[in-house]
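Working notes, beginning with the structure itself.
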Amino acid sequence: HVEAHLLIGTAPDCCDRAAEPWAAAIARTTRMGRSLRAAPFFKGRVCAPATKGDGMIKAVLFDMDGVLVDTEWFYNRRRCAYLETKGFVFDEIPDLSGTNDIYVWEYFEPDDAQRRAELKREYVEVYMKEHPVPYDELKNPDAKPVMEALRERGVASAIASSGEKHIIEELVEAADLRDCLAATVSGHEVSAFKPDPAVYLRTMEILGVSPEECLVVEDSPLGIEAGLRAGCRTLALRPHEGVSLDLSLIH
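Right, dumping it as structure tokens:
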């Protein structure tokens, strides 16, 4: 059982803490002793500790999409642009932020498994290469300074994402994070996707740390649930304006 609750600025005693910058929240929660510089990338987004506890943090486990790189809106639009070339028609762009690869393609083609596989294959092998992620525009400029400051204080950083391994590696190279990271783990390398905690449990196993020694940084309900189910303290980030996520299950 994970004794946890999310503070999202509704209770009087948590409003100030919930509004603090992303980097400062990590600094406070990991007991760095002094706040890191403010993170403009996350200005105005609610960021608060999702679990009780005050033990020393030895590792920070970062989600990727929506946390280290602002890709969700880009993925939503790129997929639909591709599917329109295959005869799909959209009145509006479906927001699949915070889901995983399997869910996405079953959403668009729920019945025909062969067509679903063909659509995904051409998208990955052709369309994605022709329309790459503009990482320079979308990457979080504060990710590297925060990870470097964590490393200086003996706190390990890792990426635990539902994304495929090669996509994680693309971001690591584009954002020059290689030397800052102790591990990168993909949901495709474990038994289940978020909200199952498998990707976080595997990351902790690699790092040799316990849940009580970890801080998870997430932005989607599925990811936040995964962090909580893994037994970790979790920072919950409010989605950017224009990204619609159901937060009704967060307490």
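If you read the sequence shown in this note's numbering, its first letter stands for residue 62, the second for the next number, and so on. Just so you know, even glycine gets a beta-carbon here, dropped at the ideal spot from N, CA and C.
Going by beta carbon distance, what residues of the same chain come within less than 7 Å of residue i, once the five residues before and after it are set aside?
i	result
A259	V251, S252 and A253
A204	L129, A236 and L238
L268	A120, A217, A219, A243 and A244
S281	G127, S158, G159 and L306
Q175	none
D162	E225
I229	M125, I220, S222, T245 and S247
V270	K119 and A120
R182	none
Quick one, are the C-beta atoms of residue i and residue j less than 8 Å apart?
i	j	result
L276	V121	yes
L232	F135	no
I154	R177	no
R263	V278	no
Y188	Y261	no
C241	R212	yes
Report, in whole angstroms, the separation of the C-beta atoms of residue i and residue j, which I expect to be a contact under 8 Å.
i	j	result
L157	V150	Their Cβ separation, rounded to whole angstroms, is 17 Å, which puts L157 and V150 out of contact at 8 Å.
L180	M208	L180 to M208, Cβ: 36 Å. No contact.
H192	E225	With 8 Å as the limit, H192 and E225 do not qualify as a contact, their Cβ atoms being about 16 Å apart.
At which residues does the alpha helix (DSSP H) containing residue i begin and terminate?
i	result
V251	Taken as a continuous stretch (DSSP letters only), V251 belongs to no alpha helix (DSSP H), as it is neither H nor E.
A204	A204 to E213
F169	D162 to F169
T264	A259 to L268
A174	A174 to E183
L296	L296 -> not in any alpha helix (DSSP H); beta strand (DSSP E) instead, spanning R294 to L298.
D197	Y196 to L199
K226	K226 to A235
Y136	E133 to E145
Is there a Cβ of chain C sitting closer than 8 Å to that of residue i, yes or no?
i	result
R139	Absence of chain C from the displayed structure is noted, only one protein chain being present.
Can you say whether residue i is buried or exposed, counting buried as having 16 or more other CB atoms within 10 angstroms of its CB?
i	result
E234	exposed
S223	buried
G148	exposed
D124	buried
E133	buried
E186	exposed
E145	exposed
Y184	buried
E286	buried
Going by beta carbon distance, what residues of the same chain come within less than 6 Å of residue i, once the five residues before and after it are set aside?
i	result
L283	G159, K255 and P256
R140	none
Quick check on the DSSP output: the beta strand (DSSP E) that includes residue i runs from which residue to which?
i	result
C275	C275 to E279
L122	A120 to F123
I285	Unbroken run through I285 is the alpha helix (DSSP H), P282 to R290; no beta strand (DSSP E).
A217	A217 to S222
Closer than 8 Å by C-beta to residue i: which residues in its own chain qualify, once you throw out the five before and the five after it? Chain order, please.
i	result
P195	F135
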